[in-house]
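Colleague:
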Amino acid sequence: MSNFSDIAEGISKVIEDYVTSTKPAAKAYAYPPASINHLPAILIVPDGMDPSVAFGGNSFYPRFRLIVLVAMASDENGWQQLYEMIDPTSANKSVIKALRDAPTLNGKADTSEVISVENAGNRQYGGGQYVGFDLILQAAKTVA
35 MSNFSDIAEG ISKVIEDYVT STKPAAKAYA YPPASINHLP AILIVPDGMD PSVAFGGNSF
95 YPRFRLIVLV AMASDENGWQ QLYEMIDPTS ANKSVIKALR DAPTLNGKAD TSEVISVENA
155 GNRQYGGGQY VGFDLILQAA KTVA
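Mapping of the sequence shown onto our numbering: position 136 corresponds to residue 170, and the numbering continues sequentially without gaps.
(1) Report the start-end ranges of each alpha helix (DSSP H) in the segment 117–172 that is 4 residues or longer and not cut off at the edges.
(2) Can you give the Cα-Cα distance for F94 and K175, rounded to whole angstroms?
(3) Assess contact between the segment 61–78 and the segment 143–154, defined as three or more Cβ pairs (one per stretch) separated by less than 8 Å. Is contact present?
(4) So which of A154, S108, R99 has the shortest CA-CA distance to E118?
(5) On the CB-based measure, 16 or more other CB atoms within 10 Å of its CB, does S46 come out buried or exposed?
(6) Does the Cβ of Y164 have 16 or more other Cβ atoms within 10 Å, making it buried, or fewer, making it exposed?
(7) Looking only at its chain, what residues have a beta carbon closer than 7 Å to the beta carbon of S124, apart from the 5 residues adjacent to it on each side?
(8) Grab the span of the alpha helix (DSSP H) containing A42 for me, first residue to last.
(9) For A178 versus N92, is the C-beta spacing smaller than 9 Å?
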């Protein structure tokens, strides 16, 4: 298993274990699925790294983009759900709080940090219209 996929699996596990008060509970994908059949959905994709840093020693610093699709764009409560999931103090609903409370990503990284929130609003994915936002997560892992 690659370091990227290992950490993506850790992110997925943390989100599914901690974001449980949404109705239904959040579903995280360590890869982007062809279609979304469950909301809220969190799609985890690599978001780049500086290869000179990543391969210049024994430390690996991958960055991930978490595409958080909260509700269908037609859902009147979509923005309220977005606000709950983006609020870093909202226990069992916030993706940010879940990641902050488990910075080792279920033991898959040495540490991690949410470094930005982007693109909040109406989103398109796989032909569907959603309310959502992106989180950028920086991880660090020592490798042999």
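Every residue, glycine too, gets a C-beta built ideally from N, C-alpha and C.
Modeller: Taking the coordinates as given:
(1) The segment 117–172 is shown to contain whole alpha helix (DSSP H) runs of 4 or more residues at 129–135, in chain order.
(2) If I take the Cα positions, the gap works out to 5 Å.
(3) The segment 61–78 vs the segment 143–154: no contact.
(4) Comparing Cα positions, the closest option is A154.
(5) Buried is the call here.
(6) Y164 should be labelled buried.
(7) E118, K131.
(8) Unbroken alpha helix (DSSP H) run through A42: 37–52.
(9) Contact: yes.
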